[in-house]
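The UniProt record's numbering puts the first residue of the sequence shown at 1, with every later residue one more than the last. Glycine is no exception: its CB is placed at the ideal position from the N, C-alpha and C atoms.
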Amino acid sequence: MLAQQRQSAILDLIRREGGVKVSQLVHRFGVSDMTIRRDLEALADRGLVDKVHGGATIAGPGSTEEPGFDAKSVRQQAEKRAIAAHAATLVEPGTAVALSAGTTTAHLASLLAEVPGLTVVTNSIPVADVLYRAGRPDQTVILTGGVRTPSDALAGPVAEAAVSSLNVDMLFLGVHGMSARTGFTTPNLMEAGTNRLLVNAARRLVVLADHTKWETIGIATICPLQDADILITDKGLPPEAHDQLDERVGELVVVAPQEVR
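What follows is the structure, encoded as structure tokens:
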């Protein structure tokens, strides 16, 4: 395989998975570690990927770039399933919970369909659809209404009016990005306002964020890292990120994707 063909294949893989490790690429393409590192360097020089320790990720988006729900749903699927599985263990029957928009919260919704007596507040069309299709008669689902965003969230004044009058035991918040400086962020200004009110409505805040969210920064901050009672992420999180998050969030939970079958 020519270098150009290999680099194109590597780029396609990174776009599908969100990130790759050098060791993974060495095994996949049967070439040396140095060859893969040169390939990643060439892709990085063209602005197509960001090099990280031990691998590469897709080039970071601008602070207002917002991928659609379908585009995000194919990324880090194993990690999101593992995060959702742990989050589901925190939910007690008969409680009131809120789920923000996001692909990880959509995974969680499918698991919560098995929990009896829940009241679920959400501004996510996919989350509401999952629970509606489950058809559990002892659950109540409250969909806020509002203006639809690219991530299939309902946001804006109507959503904010609905959320501001509610109180829930726990909020499961999906985020676009997180960093020590900017906290938990979103690229959508309307969603930021709705999410802030969801945070205020909850007794406990549980953030669901896979490792690719670290140092991704959206234009609007939802809340600082310190507001999270629990942050659930995965083992792809860099060590330096682990240390910074461990210092700031109430409890840092790191899951392994292979634990979920």
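query: Rounded C-alpha distance that separates T89 from L25; result: 35 Å
query: Residue nearest to V141 in terms of C-alpha spacing, selected from V158, G117 and T149; result: G117
query: Length at least 4, wholly inside the segment 6-44: the alpha helix (DSSP H) runs in chain order; result: 22-29
query: DSSP bridge partner residues for I222 (one or two, in chain order); result: Looking at the DSSP assignment, I222 forms no beta bridge with any residue, so it has no partner.
query: Rounded distance between the beta-carbons of L166 and A201, thought under 8 Å; result: 5 Å
query: Contact test: G102 Cβ vs the ligand MG heavy atom, cutoff 6 Å; result: With respect to small molecules bound, the structure shown includes none, and the ligand MG cannot be examined in it.
query: DSSP beta-bridge partners of M178; result: F184 and W214
query: M170 - partner residues in DSSP beta bridges; result: V97 and R204
query: Burial state of G193, where buried means 16 or more other Cβ atoms lie within 10 Å; result: buried
query: Minimum C-alpha distance to P257 - residue among Q244, G236, E247 and E251; result: G236
query: Burial state of G30, where buried means 16 or more other Cβ atoms lie within 10 Å; result: exposed
query: Pair within 7 Å by beta-carbon distance, T221 and G177; result: no
query: P187 and G218 closer than 7 Å at C-beta; result: yes
query: Selected residue, minimal CA-CA separation from H211, among M170, G146, D138 and A56; result: A56
query: Where A256 falls: helix, strand or coil (DSSP); result: coil
query: Distance between L197 and L160 (C-alpha atoms, nearest Å); result: Note that residue 160 is Glu in the sequence shown here, rather than Leu. Looking at the two C-alpha atoms, the distance is approximately 7 Å.
query: Nearest-angstrom Cβ-Cβ length linking L171 and V199, presumed shorter than 8 Å; result: 6 Å
query: Pick from Q76, T122 and M34 that is closest to S164, judged by C-alpha positions; result: T122
query: Beta-carbon gap between G146 and V130 smaller than 7 Å; result: no
query: 7 Å Cβ cutoff met for G183 and P224; result: yes
query: For S124: DSSP bridge partner residues; result: A153
query: Continuous beta strand (DSSP E) stretch holding T89: start and end; result: Counting along the chain, T89 falls outside any beta strand (DSSP E), and DSSP gives it neither H nor E.
query: Exposure label - H107; buried when at least 16 CB within 10 Å; result: buried
query: Cβ shell of S63 (< 7 Å), same chain only, five flanking positions each side left out; result: Note that S63 scores a pLDDT of 48, beneath 50, so its modelled location is shaky; the value from the coordinates is reported in the next line. So the qualifying residues of the chain are P187, I217, G218 and I219.
query: For T95 and D169, believed in contact at Cβ under 8 Å, the rounded distance; result: 5 Å
query: Where V115 sits in the DSSP three-state scheme; result: coil
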